[in-house]
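For reference, the structure discussed in these notes is given below.
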Amino acid sequence: SKAAGNRMVCFYEPSMDVAARDRALLAMDMRNGIERNEFELYYQRQNNSMTGDVVGLEVLLRWKHPVRGMVSPVEFIPIAEKNGFIHELGDWVLRTACIEAASWKRPLKIAVNVAPAQLADVNLPARVKEILRESGLDASRLELEITESGIIADQQHALQIIRQLKALGVRIAMDDYGTGYSSLSTLQNFPFDKIKIDRAFIGGVTRNRHSAAIVRSTIILAQSLDIPVLAEGVENEAHMDFLRKEGCMEVQGYLFGKPMPLSDLDHVVNGDAGE
Ligand code: C2E
Ligand code: CA
Ligand code: CA
Ligand code: CA
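If you read the sequence shown in UniProt numbering, its first letter stands for residue 403, the second for the next number, and so on.
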């Protein structure tokens, strides 16, 4: 038939079509991924820059696809947002992370990423409340990381949801700071508990004076607004020297540890030492 013929043609067409087809296949696989236990949570340390103590862990989602192997969240999160699966997946991440964290000996904070589509959902606060109740995790130990793209579409709506989340006792962090459109007005209008400076700027602090200036002025701005600031993507001692000198209190990056499964972090979450 004509349709079948077209499909065949599509299959051999340039890479754009192959990529689109590939995304469609991934979107279908995703729906079964949770039941098949293909998703896993990795955790990455967040450290106090002065004492070196671990103060929290960011939760980062991994997908071990049975055929493709590890698929990056950079690839599958946008697909999940497009096909609506992000709500189920996001709930699974939150629930799993809260249940895990509630069982640790040390009351470390966990930072969970929330996609723009999740933040737009009026049911998010009620679901977070239910997950906290179910897991028994103290709300003050949960930090939700949101990006500017999650709040620009409808600022008033986003602000309302954020206020409801904060009323539960949950903390809100502004993720990827500096990469959005209207960072300054956003900081003024939203009650953030933390600012995370995007790793794109940290990577440049030792060789690019513009990156250094942006990081320095963000730290000063955050301090004058009384909002704690964390630098992400800290990879070496030169980055650390710069950040310590500028007074950045929290750091996260490969220098302290890559994201890893909980089984490799037992001494961190259950040990007595600060590490
Ligand atoms: P993000 O929230 O900005 O997370 C930080 C990313 O930087 C992670 O990539 C982490 O592995 C990486 N990273 C950490 N330290 C360093 C470093 O020192 N150097 C470099 N070069 N990279 C570092 P990952 O795990 O691949 O996640 C990518 C993005 O996917 C995240 O960016 C986040 O936007 C999204 N993501 C991951 N998990 C989730 C999730 O559960 N829900 C949602 N909605 N998004 C998620
Ligand atoms: Ca994040
Ligand atoms: Ca980030
Ligand atoms: Ca990012």
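Don't be surprised by glycine CBs; every beta carbon is placed ideally from N, CA and C. Bear in mind that the values here come from a model prediction, so they are computed numbers and not experimental data.
Which residue marks the beginning of the alpha helix (DSSP H) containing residue i, and which one marks its end?
i	result
Lys531	Leu526 to Ser537
Val617	Arg611 to Leu627
residue 388	The structure shown has nothing for residue 388, since the chain only spans 403 to 677.
Gly492	Ile488 to Ala504
Met642	Glu639 to Glu648
Ala633	No alpha helix (DSSP H) holds Ala633; the beta strand (DSSP E) holding it covers Val631 to Glu634.
Val670	Asp668 to Asn672
Ile563	Gln557 to Ala569
Leu586	Ser585 to Asn591
Closer than 6 Å by C-beta to residue i: which residues in its own chain qualify, once you throw out the five before and the five after it? Chain order, please.
i	result
Thr581	Asp600
Ser537	Cys500, Ile501 and Ala504
Ser626	none
residue 703	Given a span of 403 to 677 for the chain in the structure shown, any question on residue 703 remains unanswerable.
Ile553	Ala560
Ile564	Ile574
Thr549	Asp577 and Asp578
Arg464	Glu442 and Tyr444
Gly659	Arg447
Is residue i buried or exposed, if buried means 16 or more other CB atoms sit within 10 Å of its CB?
i	result
Thr453	exposed
Gln520	buried
Ser587	exposed
Val461	buried
Ser474	exposed
Phe413	Low local confidence applies: a pLDDT of 46 at Phe413 is under 50, so the model's placement there is unreliable, and no value is given.
Asp577	buried
Asn408	Any answer about Asn408 is weak, because its pLDDT of 43 lies below 50 and its placement is not dependable; what the coordinates show is given next. So Asn408 ends up on the exposed side.
Asp674	exposed
Met472	exposed
Asn515	buried
Met410	Reliability fails at Met410, whose pLDDT of 43 lies under 50, so the model's placement of it is uncertain and no value is given.
Leu428	buried
Ala517	buried
Ala555	exposed
Ile622	exposed
Val476	exposed
Ala513	buried
Val495	buried
Glu490	exposed
Met432	buried
How is the beta strand (DSSP E) around residue i delimited, first residue to last?
i	result
Arg464	Val456 to His467
Ile554	Premise fails: Ile554 lies in the alpha helix (DSSP H), Ser551 to Ile554, not in any beta strand (DSSP E).
Val514	Lys511 to Asn515
Arg573	Arg573 to Tyr579
Arg447	Phe441 to Asn450
Glu477	That residue, Glu477, is in no beta strand (DSSP E); its alpha helix (DSSP H) goes Pro475 to Asn485.
Leu521	From DSSP, Leu521 is part of no beta strand (DSSP E) but of the alpha helix (DSSP H) over Pro518 to Leu521.
Glu437	From DSSP, Glu437 is part of no beta strand (DSSP E); its letter is neither H nor E.
Val653	Glu652 to Gln654
Ala664	Residue 664 is actually Leu in this sequence, not Ala. Taken as a continuous stretch (DSSP letters only), Leu664 belongs to no beta strand (DSSP E), as it is neither H nor E.
Leu544	Leu544 to Ile548
For residue i, which residues in the same chain have their Cβ closer than 7 Å to its Cβ, ignoring the five residues on either side in sequence?
i	result
Arg529	Asp493
Gln566	Pro527
Asp628	none
Lys404	At Lys404 the pLDDT is 44, less than 50, meaning the model places this residue with poor confidence; the figure from the coordinates comes in the next sentence. So the list is empty, once near-sequence residues are dropped.
Ile604	Val617, Ala633, Glu634, Gly635, Val636 and His641
Arg425	Ile481
Lys568	Ile574 and Pro593
Asn450	Val457, Met651 and Glu652
Gly435	Phe441 and Trp465
Kindly list the residues whose CB is nearer than 8 Å to the CB of residue i, restricted to its own chain and excluding five residues on each side of it in sequence; keep chain order.
i	result
Leu664	Leu443, Tyr445, Glu502 and Val671
Arg618	Glu648
Leu570	Pro527, Val530, Lys531, Leu534 and Ala541
Phe644	Val607, Thr608, Ala614 and Val617
Pro630	Asp595, Lys596, Ile597, Ala624, Met651 and Glu652
Leu510	Val456, Val457, Gly458, Leu459, Ala503, Arg543, Val670 and Val671
Please determine whether the Cβ atom of residue i lies at a distance below 6 Å from any heavy atom of ligand 5.
i	result
Glu550	Judged by which ligands are present, ligand 5 is missing from the structure shown, whose ligands are ligand 1, ligand 2, ligand 3 and ligand 4.
Any heavy atom of ligand 2 nearer than 6 Å to the CB - residues listed: Glu460, Asn515, Glu547 and Asp577
Segment contact flag, the segment 504-513 with the segment 539-558, C-beta cutoff 8 Å, min 3 pairs: yes
The segment 628-643 / the segment 653-673 touching (three or more Cβ pairs under 8 Å): yes
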